[in-house]
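Everything on this sheet refers to the single structure shown next.
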Amino acid sequence: MTQPQPAFKETDAHGTTFTIGELAREFGITTRAIRFYEDEGLLSPLRVGTKRLYRRRDRARLKLILRGKRLGFTLGEMREAFDLYDDAHGESRQLRYYLKVLDEKRQHLLRQREDLEETLKELEHSYAHCEQLLSAQEKEKQDRTAETTNPGRPGDTDRPDRSETRLKTGS
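Numbering-wise (UniProt numbering), the sequence shown opens with residue 1 and increments by one.
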């Protein structure tokens with residue numbers, strides 16, 4: 001997967017700004033998704049007329065939102081972390097909170113990995129059992145096919161052919 005290329009726009013009175021379309025293209029998401037994050041209070045663009053202008057701060061937050069989403073963070077957890085950061089003394093609180101959340105996510109992922117490993121073992125056991133059953137059924141089918149293509153009574157294969165008997169006795 002390629003890394004998103006930053007969408008830089010000219011600096012104006014508000015500093016470097018980005019349109020919703022530029023951010024959507026940069027991060028490979030829809031403009032609707034960006035508006036959703038805005039509605040959730042995670043982004044706060046400037047409004048110039050009917051146009052939204054996103055600052056570097058919004059771009060950085062969007063990047064964190066998308067990363068958090070991949071890591072399994074809820075929007076509420078991300079909002080709480082952003083709120084801590086906005087607090088004047090929030091940086092260390094935000095880092096402590098983030099460490100706590102990361103540890104919880106790590107523990108959750110470790111439990112999931114254990115569950116996945118156990119499930120894989122069960123699947124492998126079931127797979128091997130099914131292979132054995134299938135092999136036995138195929139062998140049984142081959143044996144039945146051999147019996148129908150070579151009909152005879154059990155034990156007939158041990159008796160000599162009548163032509164062999166005639167040759168030996170001379171009749």
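Glycine residues also receive a C-beta, built at the ideal position from the N, C-alpha and C atoms.
Keep in mind the model is a prediction, meaning the values are calculated, not measured.
Min CB distance residue i to chain C below 8 Å
i, result
"F27", "Absent from the structure is chain C; it holds one protein chain and no more."
Pair within 8 Å by beta-carbon distance, residue i and residue j
i, j, result
"R56", "T16", "yes"
"L42", "M78", "yes"
"F82", "R113", "no"
"L84", "Y97", "yes"
Closest by C-alpha distance to residue i, when choosing among the options
i, options, result
"L23", "P45, D143, D39, G41", "P45"
"E80", "Q94, K139, E131, L102", "Q94"
"K63", "Q142, L120, F27, Q132", "F27"
"D103", "S126, G72, A128, T119", "G72"
"K69", "G21, T50, A33", "A33"
"L66", "S92, Y37, E91, V48", "Y37"
"G21", "N150, V48, Y54", "Y54"
Same chain only: Cβ atoms within 8 Å of residue i, ignoring 5 sequence neighbours per side
i, result
"K30", "Rather than Lys, the amino acid found at residue 30 in this sequence is Thr. A24."
"E40", "L75, R79"
"V101", "F73, E77, A81"
N-terminal and C-terminal residue of the alpha helix (DSSP H) that residue i is part of
i, result
"L23", "20-27"
"T31", "31-39"
Span of the beta strand (DSSP E) around residue i
i, result
"L53", "51-55"
"L46", "46-48"
Nonlocal neighbours in the same chain, by C-beta distance under 7 Å from residue i, ignoring five residues either side
i, result
"residue 194", "Because the chain here runs from 1 to 171, residue 194 falls outside it and cannot be looked at."
"D118", "Residue 118 is actually Glu in this sequence, not Asp. Taken in chain order, the list of residues that qualify is empty."
"Q5", "Caution is warranted here: a pLDDT of 49 is assigned to Q5, below 50, making its placement in the model unreliable, and the coordinate value is therefore given only provisionally. Excluding positions up to five away in sequence, the list reads E26."
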